[in-house]
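Notes for the one structure printed next.
Number of protein chains: 2
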Amino acid sequence: MDALTIQEAAQTTEWSPRMLRYIERAGLIEPQRSQSGYRLYGPGELQRLRTLRELASRFGIGLAEIGFAMRLRRDEQLAEAVDAWFEAEPRRPEDVPPAEWLRWEQDKHTKLLALAAAATPATSRA
Amino acid sequence: MDALTIQEAAQTTEWSPRMLRYIERAGLIEPQRSQSGYRLYGPGELQRLRTLRELASRFGIGLAEIGFAMRLRRDEQLAEAVDAWFEAEPRRPEDVPPAEWLRWEQDKHTKLLALAAAATPATSRA
DNA sequence: ACAACCTTACCACGAGTGTGTCAAGGTTGT
DNA sequence: ACAACCTTGACACACTCGTGGTAAGGTTGT
Numbered sequence: 000m001d002a003l004t005i006q007e008a009a010q011t012t013e014w015s016p017r018m019l020r021y022i023e024r025a026g027l028i029e030p031q032r033s034q035s036g037y038r039l040y041g042p043g044e045l046q047r048l049r050t051l052r053e054l055a056s057r058f059g060i061g062l063a064e065i066g067f068a069m070r071l072r073r074d075e076q077l078a079e080a081v082d083a084w085f086e087a088e089p090r091r092p093e094d095v096p097p098a099e100w101l102r103w104e105q106d107k108h109t110k111l112l113a114l115a116a117a118a119t120p121a122t123s124r125a
Numbered sequence: 000m001d002a003l004t005i006q007e008a009a010q011t012t013e014w015s016p017r018m019l020r021y022i023e024r025a026g027l028i029e030p031q032r033s034q035s036g037y038r039l040y041g042p043g044e045l046q047r048l049r050t051l052r053e054l055a056s057r058f059g060i061g062l063a064e065i066g067f068a069m070r071l072r073r074d075e076q077l078a079e080a081v082d083a084w085f086e087a088e089p090r091r092p093e094d095v096p097p098a099e100w101l102r103w104e105q106d107k108h109t110k111l112l113a114l115a116a117a118a119t120p121a122t123s124r125a
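Sequences listed follow chains A and B, in order.
The numbering of the first sequence is numbering that gives the first Met the number 0, which starts it at 0 and goes up by one.
The numbering of the second sequence is numbering that gives the first Met the number 0, which starts it at 0 and goes up by one.
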């Protein structure tokens, strides 16, 4: 079996064994296991571990972020939802024709009441 | 000006004023400011704030993650690097032709030494 | 059999997240 | 002028992240 145990893998990748387990728990790199449960790191995993280190240090991002990026690739719904959020770029009032769905100028007191009613923009009865 | 102050915005979006400031600090939603420095939330911001809440609670993700997603859209280099990392899917030894760049079977003692030399895969002199 | 390795499960600890509250001071509407 | 709002900054607290240990027990090679 051309695979390394955790300690060996740690040395070649400059992670600590502790961190390799942590990375696994984070779902980033899950090595195969031997029959007795030992982690076995193959060339692919070693490569990814090195790149991971590079990635994290070069851009100053954490494992959690990369885990999230992974989630973004796996969870189609999540990706869509996030996309949708970014799609709705903050339009300044000037860009928005003076719709009536948010207008108040003077009636400052009833404003909030009206807003509360309109709190669900396109969801409730129009 | 058809924009809400922080407290009003908080009420319509079900965030607290505190959180609106926090969200701003996180770089997610940065409202315009009045001349005197008051935050002014327009319809766009309000919409995004509501969607943000939905997004966070529905998928159980934090503001930091969404901030990272934003960074992914802005920082082309980061996006590439992350892509590259995921591209290198973990190939099992079976998928990899028995290359010589990682081979040892019996020489368990010199193994680590050899590895240390090969630690920088494609970067160093080939 | 014995050392050297592996496993999981804990304790610890500084930094960051998510949230509230409070203080000191500026702005605004009536 | 005064109340009600806004601003930034701080203290606080529970929780997670990224790390390191250490302990109790299984595996492996010589």
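Just so you know, even glycine gets a beta-carbon here, dropped at the ideal spot from N, CA and C.
Note that the structure is predicted; figures quoted are calculated from it, not measured.
{"Query": "Tell me where the alpha helix (DSSP H) around Q76 (chain B) begins and ends.", "Result": "E75 to E86"}
{"Query": "Nearest-angstrom Cα distance between E64 (chain A) and L77 (chain B)?", "Result": "12 Å"}
{"Query": "Thinking C-beta only, is R38 (chain B) closer than 9 Å to R49 (chain B)?", "Result": "no"}
{"Query": "Which value, in whole angstroms, describes the spacing of the CA atoms of D74 (chain B) and E7 (chain A)?", "Result": "35 Å"}
{"Query": "My output table needs one value for L101 (chain B): the three-state DSSP class, helix, strand or coil.", "Result": "Reliability of the predicted coordinates at L101 (chain B) is poor, the pLDDT of 36 falling under 50, and the value obtained from them is presented with this limitation in mind. If DSSP states are grouped into helix, strand and coil, L101 (chain B) belongs with coil."}
{"Query": "Just the C-alpha distance for P42 (chain A) and A2 (chain A), rounded to the nearest angstrom, thanks.", "Result": "7 Å"}
{"Query": "Measure from the alpha carbon of A80 (chain A) to the alpha carbon of each residue in B:V81, B:I60 and B:R70, then state which is nearest.", "Result": "B:I60"}
{"Query": "Taking C-beta pairs closer than 7 Å, name the residues in chain B that L77 (chain A) reaches, listed in chain order.", "Result": "F58"}
{"Query": "For Y37 (chain B), which of helix, strand or coil comes out of DSSP?", "Result": "coil"}
{"Query": "Can a CB atom of chain A be found closer than 9 Å to the CB of W84 (chain B)?", "Result": "yes"}
{"Query": "How is L62 (chain B) classed by DSSP in three states: helix, strand or coil?", "Result": "helix"}
{"Query": "Exposed or buried, E53 (chain B), counting other C-beta atoms within 10 Å across all chains shown (16 or more means buried)?", "Result": "exposed"}
{"Query": "Going straight from the alpha carbon of R32 (chain B) to that of Q31 (chain A), what length do you get?", "Result": "54 Å"}
{"Query": "Could you tell me which chain A residues have their CB closer than 9 Å to the CB of A80 (chain B), listed as they occur along the chain?", "Result": "T50, E53, L54, R57 and F58"}
{"Query": "By Cβ distance below 8 Å, which residues in the same chain neighbour R70 (chain B) in space, the five residues on each side in sequence not counted?", "Result": "L77"}
{"Query": "Please classify R57 (chain A) as buried or exposed, where buried requires at least 16 other C-beta atoms within 10 Å of its C-beta.", "Result": "exposed"}
{"Query": "Could you confirm whether any beta carbon from chain B is found closer than 9 Å to the beta carbon of M69 (chain A)?", "Result": "yes"}
{"Query": "Run down chain B in chain order and give the residues with a C-beta less than 8 Å from the C-beta of E64 (chain A).", "Result": "A63, E64 and F67"}
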